[in-house]
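Under the numbering used here, the first residue of the first sequence is numbered 192, with each subsequent residue one higher.
Heads up, the beta-carbon is just placed ideally off N, CA and C, and yes, glycines get one too.
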Amino acid sequence: MPHEARPRPPTILWFRRDLRLANNLALENALATGAPIIPLYIREPNDPHAGANGAAQAWWLHHSLTALDAELRKRGNRLLLLTGDPCHLIDWLAREVGAQAVFWNRRYDGEGRQTDTEIKAELRRAGICAESSPGFLMHDPAELQTKQGKRYAVYTPFWRSFSASYQPPSQIPAPTSIPAIEHGIESEQLDHWRLLPANPDWAKRFADLWQPGEAGAGKCMAEFAGHLSGYGEQRDFPAMPATSRLSPHLAFGEISPHAIWRAAAETKSSADSIERFRKEIVWREFSWHVYFHNPDMAEANLDRRFDRFEWSNAPDKLAAWQRGMTGYPIVDAGMRELWQTGTMHNRVRMIVASFLIKDLLIDWRDGERWFRDTLLDADRASNAFNWQWVAGCGADAAPFFRIFNPVRQGETFDANGGYVRRWCPELAKLPDRYIHRPYEAPKEVVDEAGIMLGQTYPRPIVDHAEARDTALAAFRATRADRDND
DNA sequence: TTTTGAGTTGTTCGA
DNA sequence: GTCGAACAACTCAAA
């Protein structure tokens with residue numbers, strides 16, 4: 192048979208956390224082969240979230256895959272959904288469709304890297320081209336090193352080094368068409384993956400607040416560009432809409448971090464706002480840098496001296512924290528915002544994390560797990576990194592005596608209680624003076640506000656001043672232990 | 001190899 | 001109300 196008569200062997204494009212068509216190097220490389228492309232998403236067996244980090248993110252993933260499929264269809268292609276062990280599945284699929292090449296964008300968690308290395312070796316043994324590309328991060332964790340050739344462990348030198356050497360790559364627009372092939376493999380139905388909650392549908396507010404997918408990410412970036420000028424001054428105030436809200440999009444790779452970096456400068460905002468925002472984006476890079484070198488970061492204290500710390504076993508208090516019923520309004524508002532919207536303002540994340548760890552003395556891993564399950568922007572590196580940072584056992588971590596006072600934080604960053612009133616409506620009628628400490632309000636003020644302390648709103652589950660002293664002693668003691676080694 | 005300067009986000013106390 | 005110091009050393013990264 193003459194060569195020309197045969198259909199061109201297809202190329203497999205394996206999507207993971209890079210659910211976009213613009214600035215997607217794996218896609219670019221796949222297109223460059225000139226072959227038809229089979230876009231693939233794999234759900235691993237026994238993974239109820241199909242690669243999402245938790246239940247909230249599974250909701251996002253469902254909609255993001257739907258959006259990606261729609262964009263592929265506009266370009267004459269469609270997404271193939273399959274379940275199986277990626278190594279076997281890709282091998283099988285490549286044989287089945289006669290694929291000559293497989294492309295993907297790199298991931299940086301330990302398990303994922305190991306899998307990818309195995310698959311690459313397996314494919315190459317079978318004579319199939321396998322190529323991975325960067326694009327999830329702006330830096331290569333294996334490449335960016337200190338002058339002594341070591342990994343970075345402190346943010347500021349990391350930032351200096353990164354920003355001094357960084358050159359944003361040129362933009363790659365989304366292709367207008369993506370050649371397809373009739374391969375005869377039937378896609379699974381996304382609905383059958385059951386990524387959306389039912390009974391009860393706790394995600395029903397999500398759709399009003401978020402638009403998963405690349406188009407939604409673009410809109411989000413454009414909207415943020417319009418008010419980035421206020422970022423530097425307003426970002427710490429949770430009642431203000433000053434943050435970018437890009438994090439869930441970034442977590443799924445619906446927008447390239449390079450594109451965000453570039454777009455920030457194009458806003459013509461003050462240099463201060465641009466730099467402060469970029470520094471936040473680079474914290475994500477730093478988290479992945481540290482995670483890359485410490486693949487067990489979500490389970491193990493980076494500072495092993497904390498292994499001896501005796502965390503408190505307090506399921507009732509943990510539950511009160513999770514439900515936003517601690518009796519400290521700023522903490523409760525944050526936990527309820529998280530539950531209802533799948534996100535929480537950055538400053539409030541620090542306040543609630545400090546409260547769990549330092550006021551309740553509950554293991555940071557319990558907080559990490561809860562955030563991972565409930566945050567739409569759950570990111571294995573950022574989440575574990577920041578929980579360890581608050582606990583004091585992480586990289587470049589907060590000192591143990593840095594304990595947030597939930598009342599003081601509330602009064603400083605939510606002075607007129609706008610944030611608390613939004614998420615704890617039962618407190619809405621309290622005057623500003625008591626909005627962050629209803630338990631100190633005179634009886635007539637509480638009555639006037641229609642609150643029954645202990646019934647319609649809880650009394651504080653711990654006394655902060657006492658809890659602070661206990662925490663200081665406990666953390667000091669572990670440090671003293673160490674000296675006796 | 002040794003030295004040196006520096007380090008995301010806080011709170012409290014006393015002047 | 002505002003300010004500086006204390007909190008605790010410790011380790012990182014560069015020179």
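- Between the region 420–433 and the region 545–564, the count of Cβ pairs shorter than 8 Å is below three; the stretches do not touch.
- Relative to Leu509, the option among Phe497, Phe592, Asp557 whose CA is nearest is Asp557.
- In the assembly as shown, Gln248 is a buried residue. Its beta-carbon has 16 or more other beta-carbons within 10 Å.
- Residue state for Cys320 is assigned as strand, using DSSP reduced to three classes.
- The straight-line gap separating the alpha-carbon atoms of Phe327 and Pro622 is approximately 46 Å.
- Ser352 is the residue among Gln339, Ser352, Lys311, Val345 whose C-alpha sits nearest the C-alpha of Asp331.
- Of the candidates Leu271, Gly417, Leu280, Pro649, Gly417 places its Cα closest to the Cα of Glu457.
- Residues Tyr610, Val611, Trp614, Cys615 of the same chain have their beta carbon placed closer than 6 Å to that of Ala524, with the five preceding and five following residues left out of the count.
- Annotation: the continuous alpha helix (DSSP H) that includes Phe604 extends over 597–604.
- Residue pairing from DSSP leaves Arg538 without any beta-bridge partner.
- In the DSSP assignment, Pro230 forms a beta bridge with Leu204.
- In this structure the region 357–364 lies against the region 209–219, because at least three pairs of beta carbons, one per stretch, are closer than 8 Å.
- Take Arg659, set aside five residues on each side of it, and the residues of its chain with a beta-carbon closer than 8 Å to its own are Lys549, Asp550, Ile594, Asn596, in chain order.
- Per the C-alpha coordinates, the member of Lys265, Ala261, Arg208 positioned closest to Gly303 is Arg208.
- In its chain, beyond the 5 residues on either side, Thr669 have a beta carbon closer than 7 Å to the beta carbon of Phe500.
- Note that the C-beta distance between His536 and Pro429 is below 7 Å.
- The C-beta of Gln579 has 16 or more other C-beta atoms within 10 Å across all chains shown, which makes the residue buried.
- Under the DSSP assignment, Phe353 falls in the alpha helix (DSSP H) whose first and last residues are 346–356.
- A distance below 7 Å separates the beta carbons of Leu272 and Tyr232.
- Contact annotation: Phe294 and Ala226 have beta-carbon atoms that are not nearer than 7 Å.
- DSSP places Phe483 in the uninterrupted alpha helix (DSSP H) bounded by 462–484.
- Taking the Cα positions, Ala586 is about 8 Å away from Val481.
- With a 10 Å radius around the Cβ and a threshold of 16 neighbouring Cβ atoms, Leu400 comes out exposed.
- Inclusion of Ile372 and Pro201 in the CB contact set at 7 Å is warranted, their separation being smaller than that value.
- Residue pairing from DSSP places Asn296 in a beta bridge opposite Ser324.
- According to the DSSP assignment, Thr434 belongs to no beta strand (DSSP E), since it is labelled neither H nor E.
- Bridge pairing for Tyr648: Leu644 [DSSP].
- At least 7 Å separates the beta-carbon of Leu252 from that of Ala246.
- Gln358 and Arg297 have their C-alpha atoms some 19 Å from each other.
- The shortest C-alpha to C-alpha distance from Asn485 to any of Glu235, Gly301, Gln600, Ala221 is the one to Gly301.
- Separation of the CB atoms of Leu259 and Gly375 is rounded to 22 Å, and the pair is thereby denied contact status at 8 Å.
- In this structure, the straight-line span from the alpha carbon of Asp654 to that of Tyr299 is close to 42 Å.
- In this structure, the beta-carbon distance from Phe604 to Asp463 does not fall below 7 Å.
- Under the 8 Å Cβ criterion, the region 526–546 does not count as touching the region 621–638, having fewer than three qualifying pairs.
- Cβ-Cβ distances below 6 Å link Ser573 to Arg475, Ser478 in the same chain, with the five nearest sequence neighbours on each side left out; the list follows chain order.
- In the three-state reduction of the DSSP assignment, Thr224 falls in the coil class, being assigned neither a helical nor a strand state.
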